[in-house]
Amino acid sequence: MPESERMRIVLAGTEDGADLTKIAAYRGAGGYAALEKARALEPQAVLEELLAANVRGRGGAGFPMGRKASFLAKGTGKPTYLVVNADESEPGTFKDREIMFRVPHRLIEGCLITAHAIGSQNVFIYIRGEYLHEFETIRAALDEARAADLLGGVTIVLHRGAGAYICGEETALLESLEGKRGQPRSKPPFPAVSGVYAAPTLINNVETISTVPAIVERGGAWYASLGVDNSAGTRVFSLSGNVARGGNYELPLGTTLRELIYEIGGGIPGGRELKAVIPGGSSVPVLTPDQIDTPLDFDSMAQAGSMLGSGAVIVIDDRCCMVQLGLRVAQFYMHESCGKCTPCREGTRWMVQILKKIEDGRATQGELDLLLDVCDRILGKCLCPLGDAAAMPVASYVDKFRDEFQEHVDHGACPYGGESSLDRVFAPVDQHAHSPVADEVPA
Amino acid sequence: MSAPELVTLTIDDREVQVPKGTGLVETAMHAGIEIPVFCYEPRLGPPVGACRMCLVEVEGMPKLQAGCTMTAQDGMVVRTAQTSEQAARGQNATLEFILVNHPLDCPVCDKGGECPLQDLTFRWGPGSTRMTFPKRTFQKPIPISPTISLDRERCILCYRCTRFSEAVAEDGQLVAVNRGALSMITTFEDEPYRAPFSGNVTELCPVGALLPTQYRFEARPWEIQNVPTVCQLCPVGCNVQVTTREGKVKRVLSRNHPEVDEGWLCDKGRFAFTHLYAPDRITEPLRRRRRRGLDPISWDEALDDAERLLRAARGRVVVALSGSETVEQAYALGRLVREGLGSHTAVLPEETDASVGAFRLPLSAIRDAELVVVVGDDPVVERAPIVDLWIKAARRNGAEVVTHGPAGTVQTAPGTAAQTCAELAGEGSELGARLRAAERAILVWSGPGGNGGAEIAALAAKLGFAAKPGSGAFHLPATPNAQGVAEAWAAASDGEAETPEQIGLLLVSGDEAAADPNVRALAERAESVIAVTMFQGLAVGWADLVLPATSYLERDGTTVNLEGRLQRLRRAAIPPGPDELGWIAKLAERFGVAVSPYPARVFEELSPTLYGGLPYSDVGEVAPLRGRSEVPPPRPHDAPEPPRPSDGHYLNLVRYRALFSGPAVERVPELQFQRPAPEVELSLDDAQRRGISTGDEVEVRSNGTSATLRARVSRRLLAGVVRIADEHARDLHARVEVTKP
Chain A
20 MPESERMRIV
30 LAGTEDGADL
40 TKIAAYRGAG
50 GYAALEKARA
60 LEPQAVLEEL
70 LAANVRGRGG
80 AGFPMGRKAS
90 FLAKGTGKPT
100 YLVVNADESE
110 PGTFKDREIM
120 FRVPHRLIEG
130 CLITAHAIGS
140 QNVFIYIRGE
150 YLHEFETIRA
160 ALDEARAADL
170 LGGVTIVLHR
180 GAGAYICGEE
190 TALLESLEGK
200 RGQPRSKPPF
210 PAVSGVYAAP
220 TLINNVETIS
230 TVPAIVERGG
240 AWYASLGVDN
250 SAGTRVFSLS
260 GNVARGGNYE
270 LPLGTTLREL
280 IYEIGGGIPG
290 GRELKAVIPG
300 GSSVPVLTPD
310 QIDTPLDFDS
320 MAQAGSMLGS
330 GAVIVIDDRC
340 CMVQLGLRVA
350 QFYMHESCGK
360 CTPCREGTRW
370 MVQILKKIED
380 GRATQGELDL
390 LLDVCDRILG
400 KCLCPLGDAA
410 AMPVASYVDK
420 FRDEFQEHVD
430 HGACPYGGES
440 SLDRVFAPVD
450 QHAHSPVADE
460 VPA
Chain B
7 MSAPELVTLT
17 IDDREVQVPK
27 GTGLVETAMH
37 AGIEIPVFCY
47 EPRLGPPVGA
57 CRMCLVEVEG
67 MPKLQAGCTM
77 TAQDGMVVRT
87 AQTSEQAARG
97 QNATLEFILV
107 NHPLDCPVCD
117 KGGECPLQDL
127 TFRWGPGSTR
137 MTFPKRTFQK
147 PIPISPTISL
157 DRERCILCYR
167 CTRFSEAVAE
177 DGQLVAVNRG
187 ALSMITTFED
197 EPYRAPFSGN
207 VTELCPVGAL
217 LPTQYRFEAR
227 PWEIQNVPTV
237 CQLCPVGCNV
247 QVTTREGKVK
257 RVLSRNHPEV
267 DEGWLCDKGR
277 FAFTHLYAPD
287 RITEPLRRRR
297 RRGLDPISWD
307 EALDDAERLL
317 RAARGRVVVA
327 LSGSETVEQA
337 YALGRLVREG
347 LGSHTAVLPE
357 ETDASVGAFR
367 LPLSAIRDAE
377 LVVVVGDDPV
387 VERAPIVDLW
397 IKAARRNGAE
407 VVTHGPAGTV
417 QTAPGTAAQT
427 CAELAGEGSE
437 LGARLRAAER
447 AILVWSGPGG
457 NGGAEIAALA
467 AKLGFAAKPG
477 SGAFHLPATP
487 NAQGVAEAWA
497 AASDGEAETP
507 EQIGLLLVSG
517 DEAAADPNVR
527 ALAERAESVI
537 AVTMFQGLAV
547 GWADLVLPAT
557 SYLERDGTTV
567 NLEGRLQRLR
577 RAAIPPGPDE
587 LGWIAKLAER
597 FGVAVSPYPA
607 RVFEELSPTL
617 YGGLPYSDVG
627 EVAPLRGRSE
637 VPPPRPHDAP
647 EPPRPSDGHY
657 LNLVRYRALF
667 SGPAVERVPE
677 LQFQRPAPEV
687 ELSLDDAQRR
697 GISTGDEVEV
707 RSNGTSATLR
717 ARVSRRLLAG
727 VVRIADEHAR
737 DLHARVEVTK
747 P
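Below is the structure:
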């Protein structure tokens, strides 16, 4: 698909090169018209459009946004809050970042429309601490919107995180927002009933909120007609890894992996072979080359045994050692585990220890089985999805590349001779840490 | 209240019916099924679902669920590890993960043998380990205070301790830092955990991570005995379990009385027991030799001496009671002195008033109140610590809490609590109107002065509390059994008290009386003094005859707490000599009075008069509260003259008896850090005028006396008032000057 035919709903109107971070340019491109339209409507009417659009959450879990909004507790005597999850931290994912630094007003407009729809006067945008540039862009845009009198009595507060992956989990985010230790809450109660400050709270991802202006502008039915069944609309896919043209691409849901990787992304450079694809961020099960005709939509991905997740497509070529990949993923989740629930806190560390031993060629056959059993003992038993996020991919690597793991055990060494390259796939975990992660596992 | 809606559900094929909203752990227990837990503890607020020990299978839900976070719903089908292989595997997994980094040093762990982790591992856990890697190590054990040590390797991060600190004691000192596998418990800013309720975390901890230092390597669970008794270090009367080994007290644990203490215990009640073994403990009778000498004598000689002194007094005996005696002791002493000697005068450190009994409620009613009003100069926590926890619970439940005092939410001048009561009873008071309107309102008198009980009862009567079963009044007396002692003394004889001009003999009963400056003043006027005290330090220099006293941990008998609840004391340790009741009976015999040396007999004698003939055996381990007494007719009395307001130069001194003070605390090395700092609390206004800031050394002077103390500037304290703990205020007068040298 040529560049010009890509959908432009979220990452809108960037072709003429106008700087959409400026309110004048954004308005010139039709921005804030949807807000005006929405405010002329009853909140319930706006909510109906969102329900009709059937837009599913873009953060990872894919829960329909309109339904979530309709769950908000009414008549509690407490204010209703809108919280935007801009704590984009899933390895491989960088879509919210681009939305924020390219079209910040789209997010602000989305916030204001959504706030109108749910009758909220208070909006928090919780932005990942490392996103300094994006924070400054949003702040500047917010100042412009405020100066242009667009807020209409709504308070939008930008809150910077302090560098914890877990704070992308909605309830941990709310805890952190309240000034507490960023750890997930037990659900229920869900945020719609008892969210920030124990008040009804709608919490959505940046991309989700940024689709709202287009939905209001052109109608929920129009939006629902895009994409495929049960996966309406477009999605910004973050393409990365061993691919020629990585980047963010907004495409209708249902586009196949093959189209994204080969036609849009230009295939794998250097004449190397495709070895595996991670279709939705580091936490989802891996797919193999025979599955690349799977469409990128919620149901197809589930059928293929993986998940659409955050929409981060990571392409892995034949240089990559899957054990090293597993180790790096496990190290990331060990480092980011919040420490609240037992299986995740203890299990991720144990996984790292076993994977390290396998990669070093010191593991026994029993330990390979143990690794799978540890994954199984984490899966589905944790307080929040972080534990699953560590166990699911690693278990899938062993499952789909068992021979490679077996070779490590049988030959007492990494068959990639340690030269294996995870180049461009996942950054070493040390980059996330203030101190080397190796310290977390005393020798 | 209407009957709660019942729901029916099935747990492990057993049908069970519970009120809607009941937690699944309780529901299962109701069906006789255990759902094992570590982090779940309903007293700590909403469940957190952290440990994942309580995993159960719920029909219709794909994943295992944390049972502790679920409530019973109609038609629910639940399977625990008893009948679900998936749940059993889940629990086994949790235990394996918990043990992956647990040191398994049970043989040298004080918790071994009474450890929930050990117990649950035996029942649900794996038999051996698959962990072959180095375990996580920490420096250990770390003293987080002189009374508590922390072993981070044993910690399973259930967050019970931090939740207690944050959501029950509200001291916020115990926190978790770092994340993931490196998470650990620590104190805020690494400061010692100095808070009145810190010791509770050692009981909440389900493993051997937080342990009392006093109990370190002292005993094993199979060689101890636990005695259920009642703490007698403040008027709350918390129910406790006293652990002894080979006849010696090794520790004090809480014993949950849901209406009194909810299973919490202050650090004084928990850690002060080692005063039993203080080096200056008196174990045999002593006779004065010259001015400051004391010679040990035999019990026979002591009884002869006592008889001689009592006879020589010719009826001019005054008994100084402590308010910490058992009901039986006070009664027996009353029989001896009143019936045998015809002397009817007794003094108590603080007068009590029975009228508050007309507004009697369990302490737990405070938690359910809408409005709590406290009057008086003393912080509640210093007088009756657990009451402070109940008030905090009320506030968390949404109650409004109004405190009147020099540092209250409503600042009032010291000594004006009676005036406050009068104002609240008046027509013009807005708060008074709300007290009148509220269904569940609580009044608390927390201050010195004998008339508190009568004042607060009179206010409650005027506010119409008699007709409101959810509203009540509490008086926080200074001593643990003030009411019981007063009642027992009164019941011992019908004779009228007539204070003798000249005191022939002053009989000082117990340490509180012996330490009371007013009693010391009486002694100046007495021809002779018999002191019954535990410690040499309190006996030297004034007593002609010293009889060894016993501690509440060494006594059998009954006691009445501030609610008016009659509770049973049980002897945990054998006293070093005969107890009070023993020698009183012997002595009484010599004066022709028949008193039994056995508390049960004495109780049976006094019970018909005082407790409606209740048999001794029915006092109970978890004692019920008596019903309300009749509303007393209003009695005219004069409110005490409030002190003159400060003129700016002279400031009014408010002194208070700190919780961590008194003869017992002074003798416990581990509790020294809890004692009040040598500080003078000043209002911001007064401090600024004098150029004083927090931490400055200042001189506090009154007519002829002075003290050098550290200043602490308080924004909450009323201008014109300074506050100093009793032990540092010593003999300062009521009006002081504060200057920066």
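Which chain is which? The protein sequence lines are A and B, in order.
For what it's worth, the working numbering labels the leading residue of the first sequence as 20, then goes sequentially.
For what it's worth, the working numbering labels the leading residue of the second sequence as 7, then goes sequentially.
All C-beta atoms in this analysis are idealised placements derived from N, C-alpha and C, irrespective of residue type, glycine included.
Chain-order list of residues whose beta-carbon lies under 6 Å from that of A/M341 (same chain, five-residue window excluded) = Y416, F420 and E423
Would you please verify whether the beta carbon of B/A215 is less than 9 Å from any beta carbon of chain A?
-> no
Rounded to whole angstroms, what's the CA-CA distance from B/K468 to B/E406? Just pull it up for me.
-> 21 Å
For A/G324 and B/N245, the rounded distance between their alpha carbons | 58 Å
From this set, B/K592, B/L612 and B/L587, which residue's C-alpha is nearest B/Y5's C-alpha?
-> With chain B represented from 7 up to 747, any question about residue 5 of chain B goes unanswered, as that position is not in the structure.
Give me whichever residues DSSP pairs with B/H410 in a beta bridge.
-> B/V381 and B/V416
Give a yes or no on contact between the region 177-186 of chain A and the region 139-154 of chain A, applying the rule of three or more CB pairs nearer than 8 Å.
-> yes
Three-state secondary structure assigned by DSSP to B/I326 | One point to set straight first is that residue 326 of chain B is Ala, not Ile, in the sequence displayed. Looking at B/A326 - three-state DSSP - the assignment turns out to be strand.
Test item: CB-CB of A/L441 and A/C339 under 9 Å | yes
Helix or strand or just coil, what does DSSP make of B/W451?
-> strand
Spatial neighbours of B/A529 within its chain, please: CB distance less than 7 Å, with the 5 preceding and 5 following residues excluded, ordered by chain position.
-> L512, V535 and W548
Determine, using beta carbons only, whether B/S2 comes closer than 9 Å to chain A.
-> Chain B is shown only over 7 to 747; residue 2 of chain B falls outside these bounds and no answer can be derived.
For B/L738, three-class secondary structure by DSSP | coil
What are the start and end residues of the alpha helix (DSSP H) that includes B/E610?
-> P605 to L616
Exposure label - A/P455; buried when at least 16 CB within 10 Å = Below a pLDDT of 50, predicted positions are generally treated as unreliable, and A/P455, at 44, falls in that range; no measurement from the model is reported.
Sequence ranges, beta strand (DSSP E) only - wholly within the region 427-511 of chain B, length at least 3 = 447-451 and 478-481
DSSP on B/A578, reduced to helix/strand/coil?
-> coil
Answer yes or no: does any C-beta atom of chain A fall closer than 9 Å to that of B/R58?
-> yes
Along the chain, where does the beta strand (DSSP E) that runs through B/K256 open and close?
-> K254 to S260
Are at least three pairs of beta-carbons, each pair with one atom in the region 510-524 of chain B and one in the region 310-321 of chain B, less than 8 Å apart?
-> yes
DSSP beta-bridge partners of A/D336 = A/L293
Answer yes or no: does any C-beta atom of chain A fall closer than 9 Å to that of B/M82?
-> no
Looking at C-alpha atoms only, which residue of A/C433, A/T220 and A/L54 is the closest neighbour of A/L170?
-> A/L54
Residues in the region 337-370 of chain A with C-beta within 9 Å of chain B's C-beta atoms, listed in sequence order?
-> Y352, M353, H354, E355, S356, C357, G358, K359, C360, T361, P362, C363, R364, E365, G366, T367, R368 and W369
Take every Cβ of the region 192-207 of chain B, pair it with every Cβ of the region 269-278 of chain B, and state whether three or more of those distances are shorter than 8 Å.
-> yes
Of the residues A/I377, A/L391, A/L402 and A/A217, which one's Cα is nearest the Cα of A/R364?
-> A/L402
According to the neighbour-count rule (16 or more other Cβ atoms, all chains shown, within 10 Å of its Cβ), is A/F445 buried or exposed?
-> buried
For A/S301 and chain B, any beta-carbon pair shorter than 9 Å?
-> no
So, is the C-beta of B/I580 closer than 9 Å to a C-beta in chain A?
-> no
If you compare alpha carbons, which of B/V242, B/V728, B/A606 and B/R261 is closest to B/E627?
-> B/R261
What is the rounded straight-line gap between the Cα of A/R396 and the Cα of B/W396?
-> 41 Å
Measure from the C-beta of A/G380 to each C-beta in chain B and report whether the shortest distance is under 9 Å.
-> no
Report all residues from its chain with a CB closer than 6 Å to the CB of A/G328; omit the five preceding and five following residues, and keep chain order.
-> G79, G299, G300 and V303
Tell me, to the nearest whole angstrom, how far the beta carbon of B/P70 is from that of B/Q88; I am working on the premise that it is less than 8 Å.
-> The amino acid occupying residue 70 of chain B in the given sequence is Leu; Pro does not appear at that position. Actually they are not in contact, since the Cβ atoms of B/L70 and B/Q88 sit about 14 Å apart, beyond 8 Å.
Residue closest to A/R291, alpha-carbon to alpha-carbon, out of A/G172, A/N261, A/E269 and A/G265 | A/N261
Applying a beta-carbon distance threshold of less than 7 Å, which residues of chain A neighbour B/V54?
-> S205
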